[in-house]
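Counted from 1, the sequence shown has number 154 at position 154 by UniProt numbering; the numbering is strictly sequential. Heads up, the beta-carbon is just placed ideally off N, CA and C, and yes, glycines get one too.
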Amino acid sequence: MTIKENNNTKNSVIIIGAGLASLALANVLKYQGVPYKIFEREKSPDDRTQGWSLSMHFCLVSLKASMDPVKYATLGEKSAVDPEFPQKADFCMVNGNTGERVASVGGYPGVDVFRVNRKRFRAWLMEGIDVTWNKRLEHYKVTEEGVEATFTDGTVEYGRLIVGADGVNSQVCRQLIGAEEFNKTTTPNPLRVLACSYWVNSELRRQIEESLAPAHMMSIASSTEDAEHSICLFSSLIDVDKSRENPYEMVWSISNLDENEPHYETDQERLKQAKEWLNNAGFTGPLHQLVMETPEGTNMVALQLRERSPHSKLDTLQRDLPVVLVGDALHTMTMYRGEGGNHAIEDSSLLGMELAKFYKGEKSLEEAVDIYYKEALPRGRKAVADSHEAAKTVHSSRAKVLAMINATKAAIEKRYIEKLNQEENNNNNTSSADSSNA
Ligand SMILES: Cc1cc2nc3c(=O)[nH]c(=O)nc-3n(C[C@H](O)[C@H](O)[C@H](O)COP(=O)(O)OP(=O)(O)OC[C@H]3O[C@@H](n4cnc5c(N)ncnc54)[C@H](O)[C@@H]3O)c2cc1C
1 MTIKENNNTK NSVIIIGAGL ASLALANVLK YQGVPYKIFE REKSPDDRTQ
51 GWSLSMHFCL VSLKASMDPV KYATLGEKSA VDPEFPQKAD FCMVNGNTGE
101 RVASVGGYPG VDVFRVNRKR FRAWLMEGID VTWNKRLEHY KVTEEGVEAT
151 FTDGTVEYGR LIVGADGVNS QVCRQLIGAE EFNKTTTPNP LRVLACSYWV
201 NSELRRQIEE SLAPAHMMSI ASSTEDAEHS ICLFSSLIDV DKSRENPYEM
251 VWSISNLDEN EPHYETDQER LKQAKEWLNN AGFTGPLHQL VMETPEGTNM
301 VALQLRERSP HSKLDTLQRD LPVVLVGDAL HTMTMYRGEG GNHAIEDSSL
351 LGMELAKFYK GEKSLEEAVD IYYKEALPRG RKAVADSHEA AKTVHSSRAK
401 VLAMINATKA AIEKRYIEKL NQEENNNNNT SSADSSNA
């Protein structure tokens, strides 16, 4: 049976959630001609503040190879933090005690890397993609033909399979592995994180860009040379609007392994606490200035980080079960390696291509899901563990932080070479397909 013959709504892929994983999957399915339906609990695309900014790097090779190339070509100009210079995505590590840059990564020719404004990136992913809003999944039921998804408003939708792209609190994952296991394996990370964004003036922005990095940076400082713990200060450009008096929107977040109960309830108290951590650790330089000049009244957020490695039940699950997880629903990690969203999109690109083979009748569902999980489960487990370790290391002693910086740089360069090879293979495959079609 061809995809066209199969294209009735009961045969669709039901996708729960409209985050990065879901929307990337929908782009792949749409381009591959597979019917899909997305259901999102939020009332509209603007219901929730869509975070700040993200680095999109290793996932882009797979995404580019599986979605509409005409749309893909507009990614940078439509979603980069600075649309005028979409390729400016370099990252640097800073010695917070001296204010000096200690390592930079970026500027790798041949492989796309973008620092994207999360709201614009989601809007770009959503272009041409249908989403049904205000639909919160309550539970699913596996039937002989596929799945039934029941929503909290009492409505039911039918599909061939259901994909849980519903994030850290995934209802699909909760039902799949059981509530008890779900609660046991979703763990809070002990770090305390305070964050905010505000519009800064051109002079401060110039200092940050010239002495540190144009896109984003992580600065680490500790009260003494041999202190056991460090404080981590992360900052990134989010947006540019040259018509404003202060034309650059920057986010900063400061994190600390503080075992004391938090004593901040208001924005003012959170800002005071952040400045106290900053000054006690002896930060200096333009990033110190960025935090210290935060206007009173700025909305300050206390982030609660959670982690969940792909559950062992997923290894033994029947592969023809029409229930699959992607993104944070499958693996939730801390943001200290800037990878969660990349893994979400990598999952979706791979799963989308495998599902296309199933819908074209080239593979059984069992084979398609098996290939997907064989790659995604070990990759997801490693990513959760590595991100946990990175969170610990950037808050440890200066010597450990330095060793991590060198190891990270080497790992990024190794991955860059792998991705460059993958990109070349993809290009060779495309040109040999073109010449055989000619
Ligand atoms: C501060 C911070 C910085 C980060 N920086 C980076 C970075 O630089 N690079 C990177 O790669 N990653 C980064 N990440 C991680 C990245 O944001 C996540 O991994 C990514 O957003 C996960 O996407 P997702 O689609 O799986 O989940 P989500 O984006 O959480 O989407 C899930 C969607 O499902 C919906 N939903 C939930 N339950 C239901 C339900 N029952 N019914 C219907 N809909 C439902 C939700 O409303 C939501 O829209 C960062 C994370 C944080 C917190």
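- Rounded to whole angstroms, the gap between the alpha carbons of S236 and G17 is 27 angstroms.
- Under DSSP, P188 forms a beta bridge with R306.
- Distance from the CA atom of Q289 to the CA atom of P295, rounded to whole angstroms, is 12 angstroms.
- About 15 angstroms separates the CB atoms of P286 and I220; that is not less than 8 angstroms, and the two are not in contact.
- For N169, the distance from the CB to the nearest heavy atom of ligand 1 is below 7 angstroms.
- Between M93 and M250, the C-beta gap is not smaller than 8 angstroms, which leaves the two residues out of contact.
- The stretch 46-60 and the stretch 152-169 do not touch, with fewer than three beta-carbon pairs separated by less than 8 angstroms.
- Per the DSSP secondary-structure output, M56 pairs in a beta bridge with F114.
- Annotated as distal: A21 and I38, with beta-carbon spacing of 8 angstroms or more.
- In the structure shown, D267 adopts helical secondary structure according to DSSP, grouped into three states.
- Secondary structure of D47 (DSSP, three-state): coil.
- Note on K119: 16 or more other CB atoms within 10 angstroms of its CB, so buried under the neighbour-count rule.
- Distances taken from the Cβ of R136 to the heavy atoms of ligand 1 include one shorter than 7 angstroms.
- Straight through space, the alpha carbons of Y198 and E210 are spaced by roughly 20 angstroms.
- The C-alpha of N406 lies about 31 angstroms from the C-alpha of E203.
- When DSSP reads this structure, I38 sits in a beta bridge with I15, V131.
- In the DSSP assignment, D239 is bridged to E249.
- Relative to L314, the option among I129, W133, G178 whose CA is nearest is G178.
- Between the stretch 257-277 and the stretch 180-193, the count of C-beta pairs closer than 8 angstroms reaches three or more; the two stretches touch.
- When the beta-carbon positions are compared, L161 and P322 come within less than 8 angstroms of each other.
- When secondary structure is reduced to three states using DSSP, H288 falls in the helix class.
- In this structure, Y36 lies away from V70, with their beta-carbon atoms at least 8 angstroms apart.
- In this structure, Q268 is the residue among I129, Q268, N117 with its C-alpha nearest to the C-alpha of N299.
- Per DSSP, the continuous beta strand (DSSP E) segment holding G164 begins and ends at 161-164.
- When DSSP states are grouped into helix, strand and coil, Y140 belongs to the strand group.
- Beyond the five residues adjoining it in sequence on each side, E148 comes within less than 7 angstroms, by CB distance, of Y140, K141, V156, Y158 in the same chain, given in chain order.
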